[in-house]
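Here is the structure we will look at.
Numbering (the working numbering), first residue to last: 33 to 92.
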């Protein structure tokens, strides 16, 4: 499990991926493609794996 200790992340966030939209924001999704959140501040999420394209939703 990932934890924030002293301002640093120890370990990776599992079952989550992120990708950058054409507008420059980062979107965090689960492995099934369900959007969890969209980051408003600049830069990617910490400790979340990056992918080049969003995952395809399951069952579509």
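The beta-carbon is built from N, C-alpha and C at its ideal position, and this holds for glycine as well.
Closer than 7 Å by C-beta to residue i: which residues in its own chain qualify, once you throw out the five before and the five after it? Chain order, please.
{"i": "residue 40", "result": "none"}
{"i": "residue 77", "result": "50, 58, 60 and 71"}
{"i": "residue 53", "result": "59"}
{"i": "residue 38", "result": "none"}
If residue i sits next to residue j, beta carbons under 8 Å apart, how far is it from one beta carbon to the other, in whole angstroms?
{"i": "residue 50", "j": "residue 82", "result": "6 Å"}
Excluding the 5 residues preceding and the 5 following residue i in the sequence, name in chain order all residues of the same chain whose CB lies nearer than 8 Å to its CB.
{"i": "residue 61", "result": "48, 49, 50, 51, 67, 68, 86 and 87"}
{"i": "residue 84", "result": "51"}
Strictly by DSSP, which residues pair up with residue i?
{"i": "residue 48", "result": "62"}
{"i": "residue 82", "result": "50"}
{"i": "residue 37", "result": "40"}
Taking the alpha-carbon of residue i as reference, which of the options has the nearest alpha-carbon?
{"i": "residue 57", "options": "46, 44 and 75", "result": "75"}
{"i": "residue 64", "options": "46, 79 and 55", "result": "46"}
For residue i, which residues from the same chain have a beta carbon less than 6 Å from its beta carbon, with the 5 sequence-adjacent residues on both sides left out?
{"i": "residue 79", "result": "34, 41, 44 and 45"}
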